[in-house]
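Colleague: Here this note's numbering is used: position 46 in the sequence shown is 46, and no number is missing along the way. Backbone N, C-alpha and C define an ideal beta-carbon position, used for all residues, glycine too. Quick caveat, the model's predicted, so the values are computed rather than measured. Got a structure here, written out as structure tokens. Questions coming.
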Amino acid sequence: MAFGGKTRRKSYKCGGLIVNENHLSTAVCPFCKKYISVSEPIYTHINAAYDSDALKRVISGNANRVKCNLCGEMFYYEHNCGIYNYEKNYAICCICDGTPPPQYKTALFNILKKQNMKLRQVNEFIHLIEKVRIFEFNLDDRVLENVKYKYIECTHNIQKNAKIILTNAESNAMVFTVYDEYDRETARHRVNLDAYWKESIHLADETITGCVTQWRKVDMEWAKALHKS
């Protein structure tokens with residue numbers, strides 16, 4: 001996670017739609033705590049159905065990825081960002097600075113609500129990446145969070161503040177990467193895809209289906225609360 005930083009906004013057309021990037025002048029490296037110059041583009045708004053290049057960068061984990069030119073460490077620059085895909089029926093907002101996400105009174109929210117989109121809110125860019133992967137792989141994030149909790153969190157020695165992130169979905173298994181608080185990889189786990197289908201059957205129907213008309217946080221805490229209820 002980058003701290004501080006100044007941005008210089010640039011907008012340009014891509015696929016007939018506006019894609020916003022911020023060209024950063026400075027950021028604070030979370031590792032060496034030094035101010036650095038950043039030249040990489042930082043996405044703040046992506047229409048995934050029209051910008052395939054940006055979508056590929058998000059899925060690969062390369063979007064908003066910055067390398068410190070002093071210590072050489074890589075990190076995600078945390079900046080408020082939104083991504084949506086009408087074809088896959090999802091919209092995700094990453095809110096890093098504590099501001100509220102778009103609400104009913106905003107034009108964007110009303111458009112998304114009318115489309116019956118799956119609306120998700122996350123607080124870190126790495127979680128936005130995972131949500132995009134989940135929906136682009138045609139998976140249900142509510143089932144997936146339950147799988148992560150039961151088959152990884154409860155069966156492996158996961159450190160506090162670690163993040164369990166879906167990396168890939170293969171024909172017969174899902175690959176999860178465990179990251180520390182600085183988004184450095186510490187372990188990988190494979191879970192048979194049968195576990196996903198098993199959990200999708202066992203969860204209550206109202207937990208999996210239904211129209212969502214507000215931004216929701218569906219994460220590990222959500223899964224833990226589900227098991228306590």
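If you check the beta carbons only, do Tyr-144 and Arg-216 fall under 8 angstroms apart?
Modeller: This sequence places Leu at residue 144; Tyr is not what is there. Against a cut-off of 8 angstroms, the Cβ pair of Arg-216 and Leu-144 comes out as no contact.
Colleague: Going by DSSP in three states, Ile-95 sits in which element: helix, strand or coil?
Modeller: DSSP places Ile-95 in coil when its eight states are reduced to three.
Colleague: Find out if the Cβ-Cβ distance for the pair Met-220, Tyr-149 is shorter than 8 angstroms.
Modeller: Yes.
Colleague: Excluding the five sequence neighbours on either side, which residues of its own chain have a C-beta within less than 6 angstroms of the C-beta of Phe-135, listed in chain order?
Modeller: So the qualifying residues of the chain are Lys-88 and Tyr-90.
Colleague: So, are the CB atoms of Ile-46 and Ala-54 less than 8 angstroms apart?
Modeller: A contact, by the Cβ cut-off of 8 angstroms.
Colleague: According to DSSP, is Arg-188 helix, strand or coil?
Modeller: Of the three classes helix, strand and coil, the one that applies to Arg-188 here is strand, per DSSP.
Colleague: The beta strand (DSSP E) that contains Lys-118, what's its start and end?
Modeller: Taken as a continuous stretch (DSSP letters only), the beta strand (DSSP E) holding Lys-118 covers 118 to 122.
Colleague: For a quick check, are the C-beta atoms of Val-132 and Ile-83 less than 8 angstroms apart?
Modeller: Yes; because the gap between Cβ atoms is below 8 angstroms, this pair is in contact.
Colleague: Residues in its own chain within less than 6 angstroms of Ala-225 by CB, not counting five upstream and five downstream?
Modeller: Around Ala-225: no qualifying Cβ.
Colleague: Locate the alpha helix (DSSP H) running through Glu-76, then write down its first and last residues.
Modeller: It is Tyr, not Glu, that sits at residue 76 in the sequence shown. Run containing Tyr-76: none in the alpha helix (DSSP H); it sits in the beta strand (DSSP E), 74 to 76.
Colleague: Grab me the residues of Val-218's own chain with a C-beta within less than 8 angstroms of its C-beta, minus the 5 sequence neighbours each way, in chain order.
Modeller: Excluding sequence neighbours, Val-218 sits near Arg-120, Asp-141, Arg-142 and Glu-145.
Colleague: Excluding the 5 residues preceding and the 5 following Glu-181 in the sequence, name in chain order all residues of the same chain whose CB lies nearer than 6 angstroms to its CB.
Modeller: Within the same chain, Glu-181 has close Cβ partners Asn-161.
Colleague: Can you tell which of Lys-198, Trp-222, Asp-194 and Ile-36 has the C-alpha that lies nearest to the C-alpha of Leu-72?
Modeller: A quick correction: the sequence has Gly, not Leu, at residue 72. Per the Cα distances, Ile-36.
Colleague: Would DSSP call Val-58 helix, strand or coil?
Modeller: Three-state result, Val-58: helix.
Colleague: Quick one, which of Asn-69, Glu-170 and Tyr-76 has its alpha-carbon nearest Arg-57's?
Modeller: Per the Cα distances, Tyr-76.
Colleague: Under a three-way DSSP split, which group does Ala-169 fall into?
Modeller: DSSP places Ala-169 in strand when its eight states are reduced to three.
Colleague: Whole angstroms are fine: how far does the CA of Lys-163 sit from the CA of Lys-228?
Modeller: If you take the alpha carbons of Lys-228 and Lys-163, they lie about 21 angstroms apart.
Colleague: The beta strand (DSSP E) with Asn-47 in it runs from where to where?
Modeller: Counting along the chain, the beta strand (DSSP E) containing Asn-47 begins and ends at 41 to 47.
Colleague: Output the distance between the C-alpha atoms of Ser-200 and His-189, rounded to the nearest integer angstrom.
Modeller: Roughly 20 angstroms between the two C-alpha positions.
Colleague: What are the boundary residues of the beta strand (DSSP E) that Val-66 is part of?
Modeller: Note, Val-66: beta strand (DSSP E), 65 to 67.
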